[in-house]
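When we follow this note's numbering, the leftmost residue of the sequence shown carries the number 1, and every step to the right adds one.
Cβ coordinates follow ideal geometry from the N, Cα and C atoms, glycine included.
Here the structure is laid out as structure tokens; the discussion comes afterwards.
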Amino acid sequence: MTIDHIEVCIDNIESLHLAQQGGATRIELCSSLALGGLTPNAGLMQLAAKHAKVPVYAMIRPRQGDFLFSSQDKEIMLADAHQAKLAGLDGIVIGALNDDSTVDKAFLTDLCRTADGMGLTFHRAIDQCLEPMAALDIIMQHNCERVLTSGLKANAFDGIPMLKQMVEYCGDRLAIMAGAGVNAGNVAQIVQQTGVKEVHLSGKSTRPSLMQNYANSAHMGNADIDDFAIPVTAPEKIAAVRNALAKA
Numbered sequence: 001m002t003i004d005h006i007e008v009c010i011d012n013i014e015s016l017h018l019a020q021q022g023g024a025t026r027i028e029l030c031s032s033l034a035l036g037g038l039t040p041n042a043g044l045m046q047l048a049a050k051h052a053k054v055p056v057y058a059m060i061r062p063r064q065g066d067f068l069f070s071s072q073d074k075e076i077m078l079a080d081a082h083q084a085k086l087a088g089l090d091g092i093v094i095g096a097l098n099d100d101s102t103v104d105k106a107f108l109t110d111l112c113r114t115a116d117g118m119g120l121t122f123h124r125a126i127d128q129c130l131e132p133m134a135a136l137d138i139i140m141q142h143n144c145e146r147v148l149t150s151g152l153k154a155n156a157f158d159g160i161p162m163l164k165q166m167v168e169y170c171g172d173r174l175a176i177m178a179g180a181g182v183n184a185g186n187v188a189q190i191v192q193q194t195g196v197k198e199v200h201l202s203g204k205s206t207r208p209s210l211m212q213n214y215a216n217s218a219h220m221g222n223a224d225i226d227d228f229a230i231p232v233t234a235p236e237k238i239a240a241v242r243n244a245l246a247k248a
């Protein structure tokens with residue numbers, strides 16, 4: 001079984017190299033994956049563009065939470081989209097909704113204008129839409145390349161029926177990329193039953209700190225989080241997804 005892309009979301013430069021090592025064919029560049037992915041900083045954008053061997057798309061999301069953005073949120077997003085373009089990245093990952101869960105067409109137009117030739121992915125904001133097919137119509141009108149979605153469910157496996165419906169609805173006009181909970185154990189079934197040609201995962205893991213000595217009674221944030229376990233991509237998890245697809 002072959003698909004067009006295995007996209008890996010990362011939030012640090014170490015993971016860029018690890019994701020490529022595992023076989024990622026595209027990178028979604030973020031900060032704060034634990035919050036669902038926020039906009040990466042300018043330095044990370046620039047270094048990713050310098051070292052990437054595959055296309056890199058920057059997440060444009062200024063805060064955690066829903067996708068109903070204020071006017072100041074939108075100013076930030078347009079500036080960040082411009083920064084991604086200046087950094088030489090291949091595309092941006094975008095999404096914004098109105099308070100009735102419809103796609104914010106006016107702001108999507110502004111983001112597309114700012115992208116000016118960059119690739120466009122519409123992210124999982126669609127999974128908060130009450131009318132996903134109407135959302136897909138708007139997204140296609142704005143020349144997005146793909147939609148990242150779990151099929152409106154908590155994970156892509158549970159969303160298989162909706163993912164299949166989306167693939168059939170969009171045909172070759174828009175790629176449907178399955179994401180959320182995709183792994184080596186379920187990826188073949190998701191692809192077989194939906195017809196998606198792209199999948200998205202983080203392959204999250206941690207590595208121990210390389211510090212030799214340190215005081216560990218203080219915490220940099222939540223006391224439940226180990227500051228000396230560094231979140232990174234596990235290349236073997238990415239490779240396992242590739243192998244599962246190859247065997248299917």
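Assigned exposure category for residue 61 - 16 Cβ within 10 Å defines buried:
buried
If the criterion is Cβ atoms closer than 8 Å, does the pair residue 145 and residue 4 meet it?
no
Should residue 246 go down as buried or exposed, given a rule of 16 or more other Cβ atoms within 10 Å for buried?
exposed
Under 8 Å between C-beta atoms, does residue 19 make it to chain B?
Of the protein chains in this structure there is only one, and it is not chain B.
Identify every residue that forms a DSSP beta bridge with residue 231.
206
Delimiting residues of the beta strand (DSSP E) encompassing residue 57:
56-59
The beta strand (DSSP E) enclosing residue 198, as first and last residue numbers
198-201
When you compare only the Cα positions, how much space is there between residue 117 and residue 111?
11 Å
Give the straight-line distance between the Cα atoms of residue 249 and residue 45, rounded to the nearest whole angstrom.
The chain is shown from 1 up to 248; residue 249 falls before or after that span and cannot be answered.
According to DSSP, is residue 15 helix, strand or coil?
helix
Where residue 137 and residue 179 are concerned, what is the direct C-alpha to C-alpha distance, given to the nearest angstrom?
20 Å
Using the Cα positions of residue 1 and residue 121, report the straight-line distance between them to the nearest angstrom.
24 Å
Which residue wins for smallest C-alpha separation from residue 248, given the options 228, 189 and 213?
189
Can you tell me which of the three DSSP states residue 122 falls into?
strand
Spatial neighbours of residue 231 within its chain, please: CB distance less than 6 Å, with the 5 preceding and 5 following residues excluded, ordered by chain position.
206
Quick check on DSSP: helix, strand or coil for residue 26?
strand
Cβ atoms of residue 49 and residue 27: under 8 Å apart, would you say?
no
Would you decide whether residue 193 is buried or exposed? Buried here means 16 or more other CB atoms lie within 10 Å of its CB.
exposed
Does DSSP put residue 146 in a helix, in a strand, or in coil?
strand
Are there 16 or more other CB atoms within 10 angstroms of the CB of residue 114, so buried, or fewer, so exposed?
buried
With DSSP as the reference, please indicate the residues paired to residue 38 in a beta bridge.
31
Verify whether the separation of the beta carbon atoms of residue 89 and residue 233 is less than 8 Å.
no
Spatial distance of residue 152 from residue 211 (CA atoms):
42 Å
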